[in-house]
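The next block holds one structure in the form of structure tokens; read it before the comments.
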Amino acid sequence: MSPRRLVLHGASHSTEIDDDDLPESFYFSPRLLSAFSAKHRDKQPLEQHHRRLLQMASAAIPIIHRYDVNGERRTSEVGSPPTMMSATSPKRPLDESHTPKLLKIHDGNIMRNVSATNLVHDLHETKTAPTSIDAPSALPEARVLCLYTGGTIGMRSHDGVYSPQAGYLPAVLRTIPPLNDTAFIEKNFSSSPVKPYSLPPVRLMKKRVVYWIVEYEPLLDSCDMTFDDWIRVATDIRKAYHNYDGFVVLHGTDTLAYTASALSFMMENLGKPVIITGSQIPVAEVRSDGMENLIGALIIAGNFDIPEVCVYFNNKLMRGNRTIKLDNSALEAFDSPNMQPLARMAIKIQVNYDSIFRSTNINPFTVHDNLCRDVGLLRIFPSMSIESVRAFLQPPTKGVILQTFGAGNMPTKRKDIIDALKEAIARGCLVVNCSQCLKGQVDVNYATGKILYDIGVIPGSDMTSEAAMAKMCYVLGKDEWDHETKRMMLQTNLRGEMTVTNEAIGTRELDIIPHIAKCLRLSSGNEVQLIRDTILPPLFCNAAKTNKPEILKKIKGLDVSLRLPKVNLLTAVSMMVSFNGVDLSAALKSTQRDRFAHNGIVTAAANIDFLNSCSSHLMLNNKKIN
Numbered sequence: 001m002s003p004r005r006l007v008l009h010g011a012s013h014s015t016e017i018d019d020d021d022l023p024e025s026f027y028f029s030p031r032l033l034s035a036f037s038a039k040h041r042d043k044q045p046l047e048q049h050h051r052r053l054l055q056m057a058s059a060a061i062p063i064i065h066r067y068d069v070n071g072e073r074r075t076s077e078v079g080s081p082p083t084m085m086s087a088t089s090p091k092r093p094l095d096e097s098h099t100p101k102l103l104k105i106h107d108g109n110i111m112r113n114v115s116a117t118n119l120v121h122d123l124h125e126t127k128t129a130p131t132s133i134d135a136p137s138a139l140p141e142a143r144v145l146c147l148y149t150g151g152t153i154g155m156r157s158h159d160g161v162y163s164p165q166a167g168y169l170p171a172v173l174r175t176i177p178p179l180n181d182t183a184f185i186e187k188n189f190s191s192s193p194v195k196p197y198s199l200p201p202v203r204l205m206k207k208r209v210v211y212w213i214v215e216y217e218p219l220l221d222s223c224d225m226t227f228d229d230w231i232r233v234a235t236d237i238r239k240a241y242h243n244y245d246g247f248v249v250l251h252g253t254d255t256l257a258y259t260a261s262a263l264s265f266m267m268e269n270l271g272k273p274v275i276i277t278g279s280q281i282p283v284a285e286v287r288s289d290g291m292e293n294l295i296g297a298l299i300i301a302g303n304f305d306i307p308e309v310c311v312y313f314n315n316k317l318m319r320g321n322r323t324i325k326l327d328n329s330a331l332e333a334f335d336s337p338n339m340q341p342l343a344r345m346a347i348k349i350q351v352n353y354d355s356i357f358r359s360t361n362i363n364p365f366t367v368h369d370n371l372c373r374d375v376g377l378l379r380i381f382p383s384m385s386i387e388s389v390r391a392f393l394q395p396p397t398k399g400v401i402l403q404t405f406g407a408g409n410m411p412t413k414r415k416d417i418i419d420a421l422k423e424a425i426a427r428g429c430l431v432v433n434c435s436q437c438l439k440g441q442v443d444v445n446y447a448t449g450k451i452l453y454d455i456g457v458i459p460g461s462d463m464t465s466e467a468a469m470a471k472m473c474y475v476l477g478k479d480e481w482d483h484e485t486k487r488m489m490l491q492t493n494l495r496g497e498m499t500v501t502n503e504a505i506g507t508r509e510l511d512i513i514p515h516i517a518k519c520l521r522l523s524s525g526n527e528v529q530l531i532r533d534t535i536l537p538p539l540f541c542n543a544a545k546t547n548k549p550e551i552l553k554k555i556k557g558l559d560v561s562l563r564l565p566k567v568n569l570l571t572a573v574s575m576m577v578s579f580n581g582v583d584l585s586a587a588l589k590s591t592q593r594d595r596f597a598h599n600g601i602v603t604a605a606a607n608i609d610f611l612n613s614c615s616s617h618l619m620l621n622n623k624k625i626n
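For the sequence shown, the positions run 1 to 626 when UniProt numbering is used.
Quick look at the structure:
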């Protein structure tokens, strides 16, 4: 991207400033002064710059002139985002080919510029539809934010050729009854500054999905997506995170799997569903998979406790970092070759709750936006030139995804390639070994695979190449981690992206299930799983009740649902907070919710509020409070 300068025009003179001197909200606030509020200045180290800018701006609303290296001037008023650089991040773009984007929304009449921050303000101005108290037949609302980046799903046919058209998708969705209940919107949101969309009531769903669509400008073919676009989407979700129950990202299919993997790592401690979808046929066509994909994604995002970045396509919900694009012409374009779908849309929605990956800590949601670009995919093939391998491994390469044969095998007679990899690893380059096969995982028990392991290549298990690449960019971007920590994290299952078979979970004390199965002469996997799901949750809750954190900590790595459908529908974490002296740091899956949609922290807070309302005296023992 070409370097640029800014000129800020005041009442009497002009001053050149750098993009980084402007606060983030400068581009988004409808009023200039709100961008320089005392609250914002307290967060910035450049207080003198802010005071100087505020003095200059107090006389008149300024106009920003942007000049590129050729001297061409581009002008934009304060209150609308600039056209030359993304306003959401104070950092320079990572990719020179990145196209900065505006964010637009259809307010019911026209398309207008908006920001994630201003959208939150508009949402606060939007009243909720009548609740069950006011109207007993009304369903509670689930609020979903839908971010449209581009792709086939929103294209329009021109002379038989599909092409993107700005503003078309948000406008046409208002006219499609399955995607917008016009009568409901007019009745309940007629005075809202931004009219939302609403799905009609869906059978067996306990909430009505009300959603807002924001569109990025320019719309991109997914082939043009960059790291900066991933950061932009993740940052916008972070800004609006606390105001929505879930999020949907509409995306082109070509690089959708890369975006899903990247967002899954960037979004740390995620507690809400982020569903990425697209289509092979535009949503407005008579015969379209776009409508079904969008409806399914909205239903999942608004009604289900699945706090993951997922891909929804052709009636299947898949973990984002386990997904690959399998077919460029079929409606079943995506698949998760090494993992069963998290949910399937049949007559009923079948959710595999045991497979949901949940955060194991109670830290707040955040976005890690520092991604390393110095990574690459190196695919091994017969008679490969050593010169090309050496050139590939030269600095500034810091991370390599090595795509090898079969179960992670390398030609043992290619000592030249082995030596080149060994030299790169010695200078600090991280190398992960992934299989070229769609199914299966890397096995270091083969001699042809162990030779890589012995020189320091990290086994990639059954990660897809998209997930391995995104994980490498994420891990290398963790500047606070040293080299050994980064190596360890690449071998750790961070977001459910890989199967870890050698992880010492330490559950021998709980190995009673095989013995029970043997006594009952059970042989099928489904029967054993049924016994496991029936017996283990009460054992876990008993460990929580009796305060045995050593058992609770051992099962953090187990994919076991802690819901108790036959007891009291509470989770183990909910049980923990109901008894005295239980260490919450041993919480299993703190984001998991009980039948009341509460997690353990909410239950604990509710207990305290209840005691306070009864004028009870709260006594603390001498145990350390985390």
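Even for Gly, the Cβ is constructed at its ideal location relative to N, Cα and C.
Just so you know, these numbers come straight off a predicted model, no measurement behind them.
Put residue i into one of helix, strand or coil per three-state DSSP.
{"i": "Pro459", "result": "strand"}
{"i": "Arg287", "result": "coil"}
{"i": "Leu393", "result": "helix"}
{"i": "Asn314", "result": "coil"}
{"i": "Glu423", "result": "helix"}
{"i": "Glu466", "result": "helix"}
{"i": "Lys272", "result": "coil"}
{"i": "Arg344", "result": "strand"}
{"i": "Ile110", "result": "coil"}
{"i": "Asn542", "result": "helix"}
{"i": "Met155", "result": "coil"}
{"i": "Thr175", "result": "coil"}
{"i": "Asp416", "result": "helix"}
{"i": "Lys187", "result": "helix"}
{"i": "Glu484", "result": "helix"}
{"i": "Cys437", "result": "coil"}
{"i": "Ser163", "result": "strand"}
{"i": "Val202", "result": "coil"}
{"i": "residue 634", "result": "Residue 634 is absent from the structure shown; the chain starts at 1 and stops at 626."}
{"i": "Glu332", "result": "coil"}
{"i": "Leu490", "result": "helix"}
{"i": "Met472", "result": "helix"}
{"i": "Met339", "result": "coil"}
{"i": "Val442", "result": "coil"}
{"i": "Tyr211", "result": "strand"}
{"i": "Ser233", "result": "With the sequence shown as reference, residue 233 is identified as Val, and Ser is not the correct amino acid for it. Helix at Val233."}
{"i": "Phe247", "result": "strand"}
{"i": "Arg495", "result": "coil"}
{"i": "Ala138", "result": "coil"}
Contact check, residue i vs residue j under 8 Å by CB: the rounded distance?
{"i": "Ile276", "j": "Thr259", "result": "6 Å"}
{"i": "His368", "j": "Met266", "result": "5 Å"}
{"i": "Pro411", "j": "Asn433", "result": "That belief does not hold up - the Cβ atoms of Pro411 and Asn433 are roughly 14 Å apart, past 8 Å."}
{"i": "Thr298", "j": "Val248", "result": "Note that residue 298 corresponds to Leu in the displayed sequence, not to Thr. Correct: roughly 6 Å between the Cβ atoms."}
{"i": "Val283", "j": "Ile185", "result": "Val283 to Ile185, Cβ: 18 Å. No contact."}
{"i": "Asp245", "j": "Gly160", "result": "Contact doesn't hold; Cβ gap of about 40 Å is too wide."}
{"i": "residue 700", "j": "Leu342", "result": "Residue 700 lies beyond the residue range present for the chain, which begins at 1 and ends at 626; the question has no answer from this structure."}
Report all residues from its chain with a CB closer than 8 Å to the CB of residue i; omit the five preceding and five following residues, and keep chain order.
{"i": "Met469", "result": "Tyr258, Ser261, Val375, Leu377 and Ile401"}
{"i": "Tyr241", "result": "Lys272 and Phe365"}
{"i": "Gly167", "result": "Lys104, His106, Met111 and Glu215"}
{"i": "Pro307", "result": "Leu270, Gly271, Lys272, Pro273, Ile356, Arg358, Ser359 and Thr591"}
{"i": "Lys486", "result": "Leu430, Val475, Leu476 and Lys478"}
{"i": "Tyr162", "result": "Thr152, Met155, Arg156 and Pro282"}
Among residues of its own chain, excluding the 5 on either side of residue i, which ones have a beta-carbon nearer than 6 Å to its beta-carbon?
{"i": "Leu476", "result": "Cys372, Lys398 and Gly399"}
{"i": "Asp438", "result": "Checking the sequence, you will find Leu at residue 438 rather than Asp. Taken in chain order, the residues that qualify are Pro337."}
{"i": "Asp181", "result": "Ser198 and Pro200"}
{"i": "Asn363", "result": "Asn269"}
{"i": "Asn493", "result": "Val500"}
{"i": "Arg322", "result": "Ser336 and Met339"}
{"i": "Cys473", "result": "Leu371, Cys372 and Val375"}
{"i": "Ser279", "result": "Thr152, Ile153, Asp289, Gly290 and Asn293"}
For residue i, which residues in the same chain have their Cβ closer than 7 Å to its Cβ, ignoring the five residues on either side in sequence?
{"i": "Ala420", "result": "Ile386, Val389, Arg390 and Leu393"}
{"i": "Ala426", "result": "none"}
At least 3 beta-carbon pairs within less than 8 Å: the segment 164-180 vs the segment 234-249
no
Unbroken stretches of the alpha helix (DSSP H), 4 residues or longer, contained in the segment 360-411
386-393
Cβ pair count under 8 Å reaching 3, the segment 283-298 against the segment 313-320
yes
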